[in-house]
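Q: I am attaching a structure below and will ask some questions about it afterwards.
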Amino acid sequence: MPSVRILITCLLGTLILSASTVGVPAAADTTAASLAPRIVVEGTVEQQTAVEEAVAVFIALGMPLPDLAVTFTTDEDQCNGFMGLFQPNAGGWRIDICSDLAFVIPHELGHAWERANLDHDDHAEYMDARGLEHWRHSKRVEAGVEDVALVIQHIVLGGGSSHREDISDAFDLLTSLAADTAS
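To convert, take the position in the sequence shown, counting from 1, and add 18; that gives the working numbering.
Rendered as structure tokens:
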């Protein structure tokens with residue numbers, strides 16, 4: 019695969035997407051979120067475009083993201099058996115994508131957004147508002163952290179839901195909590 023570097027300048031900043039021809043992309047070296055994140059993508063041009071489009075929605079919604087490395091792989095072990103995996107490691111934050119389903123990219127970016135923008139008090143307030151008991155839970159559908167990623171995924175994809183008002187209310191709560199935490 020040829021090396022590709024895409025530089026996108028938007029109203030709110032610059033987004034850099036690139037892919038290397040050898041190895042895994044360097045992990046991001048910061049946890050600070052911004053509206054001009056550095057996103058390094060290892061994947062095909064189509065995969066890079068999908069990440070670019072999802073990140074552009076986050077930026078348009080005013081949702082700062084941390085710098086990230088995003089790798090597309092067919093090795094499901096790399097994603098611990100999931101379709102995608104967000105890993106906020108000390109050496110840099112990364113997302114591994116092991117599925118071509120459209121919702122996986124915004125879902126995993128949602129995890130990165132949550133980790134960079136919400137604190138423990140925000141988690142407690144969100145869980146209380148959503149009627150959830152645990153931030154992390156072995157039953158992922160009962161975990162606050164997964165609920166956050168699902169809500170963000172629905173908003174980013176513009177997907178319809180029979181619970182659209184519920185999703186919209188949850189999203190409004192998330193963004194207000196993040197704004198309070200940032201101030």
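C-beta atoms are modelled at their ideal positions from N, C-alpha and C, and glycine is treated no differently.
Quick caveat, the model's predicted, so the values are computed rather than measured.
1) Strictly by DSSP, which residues pair up with Trp-111?
2) Could you pull out every residue in the same chain whose Cβ sits closer than 6 angstroms to the Cβ of Asp-47, ignoring the five residues on either side in sequence?
3) Under a three-way DSSP split, which group does Thr-39 fall into?
4) In the DSSP assignment, find the unbroken beta strand (DSSP E) run with Leu-86 in it and report its ends.
5) Can you tell me the Cβ-Cβ gap for Phe-189 and Val-163, rounded? I've got them flagged as a contact below 8 angstroms.
6) Counting C-beta neighbours from all protein chains within 10 Å, is the total for Gly-102 16 or more, i.e. buried, or is it exposed?
7) Restricting to Cα atoms, I'd like to know which of Thr-62, Arg-133, Ser-194 is closest to Thr-91.
8) Should Asp-137 and Arg-148 be called a contact, given that it needs their Cβ atoms to be closer than 8 angstroms?
9) For Ala-68, collect the residues of the same chain with a Cβ closer than 7 angstroms to its Cβ; drop the 5 residues on either side in sequence, then sort them by chain order.
10) Going by beta carbon distance, what residues of the same chain come within less than 7 angstroms of Ala-72, once the five residues before and after it are set aside?
11) Specify the secondary structure class of His-141 as computed by DSSP and reduced to three states.
12) With respect to the alpha helix (DSSP H) encompassing Glu-164, which residues constitute its N-terminal and C-terminal limits?
13) When DSSP labels each residue in this structure, what does Arg-154 get in the three-state scheme?
14) Considering only their Cβ atoms, is the gap separating Leu-150 from Glu-160 smaller than 8 angstroms?
15) Within 10 Å of its beta-carbon, does Thr-199 have 16 or more other beta-carbons around it, so buried, or fewer, so exposed?
16) Please report the straight-line C-alpha distance between Glu-183 and Thr-89, rounded to a whole angstrom.
17) Quick one: is Leu-119 buried, meaning 16 or more other Cβ sit within 10 Å of its Cβ, or exposed?
18) Can you grab the Cα-Cα spacing for the pair Ile-77 / Ser-52, in whole Å?
19) Take Ser-201 and list the residues in its own chain whose beta-carbon comes closer than 7 angstroms to its own, dropping the five residues that flank it on each side.
A: A quick look at the data gives this:
1) Trp-111 is bridged to Pro-106.
2) Here the model assigns Asp-47 a pLDDT of 41, short of 50, so the residue's position is not dependable, and the following value carries that caveat. Hits under 6 angstroms: Gly-110.
3) Caution is warranted here: a pLDDT of 31 is assigned to Thr-39, below 50, making its placement in the model unreliable, and no coordinate value can be reported.
4) Where Leu-86 is concerned, the enclosing beta strand (DSSP E) stretches over 86–90.
5) At roughly 15 angstroms, the Cβ-Cβ gap does not stay under 8 angstroms, so Phe-189 and Val-163 are not in contact.
6) Label assigned to Gly-102: buried.
7) Closest by C-alpha distance to Thr-91, out of Thr-62, Arg-133, Ser-194, is Thr-62.
8) Not a contact, by the Cβ cut-off of 8 angstroms.
9) Taken in chain order, the residues that qualify are Ile-123.
10) Same-chain partners within the cutoff: Ile-123, Pro-124, Leu-127, Val-174.
11) DSSP places His-141 in helix when its eight states are reduced to three.
12) Residues 162–175.
13) Looking at Arg-154 - three-state DSSP - the assignment turns out to be coil, as it is neither helix nor strand.
14) Contact: yes.
15) By the neighbour-count rule (16 or more Cβ atoms within 10 Å), Thr-199 is not buried but exposed.
16) Their Cα atoms are separated by approximately 33 angstroms.
17) The residue is exposed, with fewer than 16 neighbouring Cβ atoms inside 10 Å.
18) Their Cα atoms are separated by approximately 9 angstroms.
19) The answer is none, since no qualifying residue turns up.
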